[in-house]
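S.K.: Structure incoming, see below.
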Amino acid sequence: MTEAPPAVEVLGMTKRFGDLLALDGVSLALAPGSFHAVLGENGAGKSTLVKCIMGYHRPDAGRVLVGGREWAIGNPRQAHRLGFGMVYQHFTLVPSMTVAENLVLGAEDLPAVIRWDEERAKIDAFQRRMPFAIDPARPVATLAAGEKQKLEILKQLFLGRRILILDEPTSVLTPDEADQILKAMRELTEEHRLTVVLITHKFREALGFAREVTVLRAGRRVGGGLVKDLTRDDLARMMIGSASIPDPAARQATASRAIGLEVESLNVLNDKGTVAVRDASLRVHAGEIVGVAGVSGNGQRELVEVLARQREPASGAIRVGGAVYARTRAEMRRHRVFVLTDEPLRNACVRTMSVAENLAFRNFDDRRNTIGGWLVSRRALRAQARALIERYRIRTPGPQARLETLSGGNVQRTVLARELSEDVAVLIAQNPCAGLDFAATAEIRARIMGARNAGAAVLLISEDLDELLELADRIVVMFEGRLVHETSRETADAHTIGHYMASQP
Amino acid sequence: MPPATDLGWWGVVIAVLGGAARVSTPYLFVSLGETLTEKSGRVNLGLEGTLVMGAMSAYAVAYLSGSPWLGVLVAGAAGAAFGLLHGGVSTLPRVNDIAVGIALFLLGTGLAFYLGKPFIEPVAPRLPHVALGAWSASPQIRAALEVNALFVVGAVLAPLLLWGLGHTRWGLVVRTAGDNADAAKALGYSVGAVRTLSTMAGGFLAGVGGSFLSLYYPGTWNEGLSSGQGLMAIALVIFARWNPIHCFWVSLLFGGATALGPALQSVGIASNYYLYGAAPYVLTLILLIASSSPRHALAGAPSELTISK
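Sequence order for the protein chains is H and L.
Just so we're aligned, residue 713 is where the first sequence starts under our numbering, counting upward by one.
Just so we're aligned, residue 55 is where the second sequence starts under our numbering, counting upward by one.
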């Protein structure tokens, strides 16, 4: 790996999806050994840009120059041959295969019959020159998220790719793992062994590791330059533009110390039958937000599924307001328990049903929404929907529009309207702002804080540590199914929590 | 009632073992083919139809040409054609491979019955066998240890398939398509093409398995020839955890269960013949219940399968 990466220039990249101009004349220059961050909110066109470069999308206009020559890149294989490699947000490893199998899998010249002794020697020699290494004999399914992300990067380098595009590579990592990987990438670029393009929405990563930055908003380049000349505020202004961000939600003092939700010695198995939640106990008081921090895949999903009755616990007790809570529909209603699940379109909605119907899941069988107690009144549902659409500013063609035609933020608002519009005693929320823009995020956080101020017991499970630090009164850390650390809002420290998330206290 | 032969109850054991080797061959071929197909991320439920189609075409070609091996080859080709149909249709958007499989199951059996009508009466040449029992003076042992050439082929094929899945480019690509379609796409492979080719190869093996039914055991062509063996072989793949070597042993187990009725009959116990005949079906049920769980997905299942999603 002595060959330096070639210079790359992207000129006037433009891509249209139907009526939507996803990318509007974006240019990018990558000198050999540069570390370039592309910063923007969801939907700003970051992924579209790199997918056009990698040959996944055919751009409507724009050129790519590699080593001073123009190339037409029609598919990812051509991009690979030019030295482009991409590391995706989600893993593209094959879980049932070993590290070695995953490494050789992408080789252009993979022989028909694989001599594993030779391949292993090659892998060992390669790993010695890398800033990190992973045992080639381990099955990928046994690797932690950080190791998988390292393997994704190793794979690209092993295949000889010299221009690496990292698409939000740290979304499943602890802060420490993210820093370690990005630092190693930075070193490789400083040695001119690699050019890195980092797609991110995190200021910290762009400012901490990249040398240059390009900011995208609504498909346009709205600013950028050398990172050393820019501040966080500059970048935030470019990213958000003129949109006003609501103030952070005000935390009011709440008096009650009554226990809203209580979980005791809860054990839950995952789909593979292994223990996902191990002996978890926690209490959430009325008027309190308890945050659960942790890297995705440490049992949070299973915990929420049990609380939402999508999964049966192996053992343990759940109590609401002091009474045993069996999570039946009648009990949910009596105890006023509401849930904002992860990926609401998949977990909490029927996408082909209308907005009005989705809004009525909790109460379509209430007396006020039925005629004679059993016949559902479409008119009552429509009236309810119109009121909620107005109050929660859901952007929809109307109450009868199918839910799947709404944007992600408006689906989230729809679920929020359904779960928060009534008097809430217990709220369970998982990653409520994932994938939403600044304005929608601020609004949803304000609503959650509002529920807390009104006396709800809120359990907030989030992979976004900043979100927890902003909202939670107490934070517990979940690692491999255990609650390994607890801290109050006053003593909470991102660094310490990060260590517990990787279980290296 | 004492056994009526000089070998006594040992005769039953030997007959079951010999029967296992004999009867297991179609199970073995179908399950190896289905393992390959499922490793690529598709389920082909149509293999029962392919099996029957293979049996019919092998018998017809062997009768018309006089060469049983040509019949085997044509049976494989017919199976591959059915695999191509299954793979091609399942690659279309919003087409469910299970539904296509059921359609092809019905099409295969129906077509075989229709085309096979003229071949029910004539006698075709049979496949040769290897006499593993030649050392023995006992005619029963000799009869039980007559092992068919196709069984030997299948027994060699199982470890070969396992090796191929781990040591060849094609093996890795097939497993990638079956375990993470996005990864296969990111590598630049066409997932649809990989799965279609795997389904064709699986169909070829199932067709060959069918030729065994008509050309060796029972060795005639009629409409009740398969009686669901192709479907049971698909269930067997689940129990074998998608491992070709396990497929071999589980096929022997199923073969032994099928041979139980005739073996008991040979020592004079004929009273519950049809009850023993149901043994493989009962075994299928028991194994499926034993290997299932309401709580978690099956270990080893390729994660792209529609049944494991």
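Ideal placement from N, C-alpha and C gives every residue a C-beta, glycine not left out.
1) Can you tell me the Cβ-Cβ gap for valine 677 of chain H and valine 778 of chain H, rounded? I've got them flagged as a contact below 8 Å.
2) Identify whether valine 1007 of chain H lies in helix, strand or coil by the three-state DSSP scheme.
3) So what does DSSP say about aspartate 1176 of chain H, is it helix, strand or coil?
4) Count the other C-beta atoms from every protein chain shown that fall within 10 angstroms of the C-beta of serine 1008 of chain H, then say buried if there are 16 or more, exposed otherwise.
5) Counting only beta-carbon atoms, is leucine 822 of chain H nearer than 8 Å to chain L?
6) So asparagine 1059 of chain H contacts chain L; which residues on that side make the cut at Cβ distance below 7 Å?
7) If we cut at 8 Å on Cβ distances, does leucine 1053 of chain H have a partner in chain L?
8) For chain H, check one thing: does any of its Cβ atoms lie closer than 8 Å to the Cβ of arginine 148 of chain L?
9) Below 7 Å on C-beta distance, what does glutamate 1014 of chain H contact in chain L?
10) For alanine 930 of chain H, name the three-state secondary structure that DSSP assigns.
11) So what's arginine 728 of chain H in DSSP terms, helix, strand or just coil?
12) Are three or more beta carbon pairs between the region 1197-1209 of chain H and the region 1181-1189 of chain H nearer than 8 Å?
13) From phenylalanine 167 of chain L to leucine 161 of chain L, what does the alpha carbon distance come to, in whole angstroms?
14) Check whether the Cβ atoms of glycine 108 of chain L and glycine 142 of chain L sit closer than 8 Å, and answer yes or no.
15) Look at the Cβ atom of leucine 1115 of chain H, then the Cβ atom of arginine 1159 of chain H, and state whether they are nearer than 8 Å.
16) Please report whether the beta-carbon of glycine 242 of chain L lies at a distance below 8 Å from any beta-carbon of chain H.
17) Please name the residue or residues paired with threonine 912 of chain H in a DSSP beta bridge.
18) Mind pulling the chain L residues with CB within less than 7 Å of valine 806 of chain H?
19) Alpha carbon to alpha carbon, what distance is there between glycine 257 of chain L and alanine 135 of chain L?
20) Of all the CB atoms in chain L, is at least one closer than 8 Å to the CB of glutamate 889 of chain H?
21) 8 Å is my cut-off, CB to CB: does arginine 1021 of chain H come that close to chain L?
22) Return the residues of the region 768-788 of chain H that lie within a Cβ-Cβ distance of less than 8 Å from chain L, sorted by chain order.
23) Measure the alpha-carbon distance for tryptophan 123 of chain L versus proline 80 of chain L and round it to whole angstroms.
24) Using the Cα positions of valine 184 of chain L and asparagine 202 of chain L, report the straight-line distance between them to the nearest angstrom.
25) Buried or exposed: which applies to proline 56 of chain L, given that a residue is buried once 16 or more other Cβ atoms fall within 10 Å of its Cβ?
26) Applying a beta-carbon distance threshold of less than 8 Å, which residues of chain H neighbour leucine 226 of chain L?
27) State yes or no: is the beta carbon of threonine 59 of chain L nearer than 8 Å to at least one beta carbon in chain H?
28) Check whether the Cβ atoms of phenylalanine 825 of chain H and threonine 222 of chain L lie closer than 8 Å to each other.
29) Rounded to a whole number of angstroms, what is the C-alpha to C-alpha distance between proline 843 of chain H and alanine 896 of chain H?
30) Could you check what DSSP says for glycine 1162 of chain H in three-state terms: helix, strand or coil?
31) Specify whether the region 1090-1098 of chain H and the region 1042-1061 of chain H touch according to this definition: at least 3 beta carbon pairs, one from each stretch, less than 8 Å apart.
32) Cα separation between arginine 832 of chain H and leucine 815 of chain H?
33) Applying the 10 Å Cβ sphere with the 16-neighbour rule, what's the burial state of lysine 727 of chain H?
34) Any beta-carbon of chain H closer than 8 Å to the one on serine 85 of chain L?
35) So proline 213 of chain L and glycine 120 of chain L are supposed to be a Cβ contact under 8 Å. How far apart are they, rounded?
36) Tell me the rounded alpha-carbon separation between leucine 885 of chain H and asparagine 1143 of chain H.
M.R.: Straight from the coordinates:
1) Residue 677 of chain H cannot be examined here, being either before or after the span of chain H that is shown, 713 to 1217.
2) coil
3) coil
4) exposed
5) yes
6) Here the premise fails: no neighbours, minimum Cβ distance about 15 Å.
7) Per the sequence presented here, residue 1053 of chain H reads as threonine, with leucine not at that position. No, because no Cβ of chain L sits closer than 8 Å to the Cβ of threonine 1053 of chain H.
8) no
9) The premise fails here: glutamate 1014 of chain H is roughly 12 Å from chain L at the closest Cβ pair, so nothing lies under 7 Å.
10) coil
11) strand
12) yes
13) 10 Å
14) no
15) no
16) yes
17) H:Leu751
18) Arg229, Thr230, Asp233, Asn234, Ala237
19) 8 Å
20) no
21) no
22) Asn787, Pro788
23) 16 Å
24) 6 Å
25) Annotation note: pLDDT 44 at proline 56 of chain L (below 50); position unreliable, coordinate value reported separately. Label assigned to proline 56 of chain L: exposed.
26) Met809, Glu813, Val816, Leu817, Leu822, Ile826
27) In this prediction, threonine 59 of chain L scores a pLDDT of 49, lower than 50, which makes its location untrustworthy; no coordinate-derived value is stated.
28) For the record, residue 825 of chain H in the displayed sequence is valine; it is not phenylalanine. For valine 825 of chain H and threonine 222 of chain L, yes; Cβs fall inside 8 Å.
29) 6 Å
30) helix
31) no
32) 10 Å
33) buried
34) no
35) Between glycine 120 of chain L and proline 213 of chain L the Cβ distance is about 33 Å, and since that is not below 8 Å, they are no contact.
36) 15 Å
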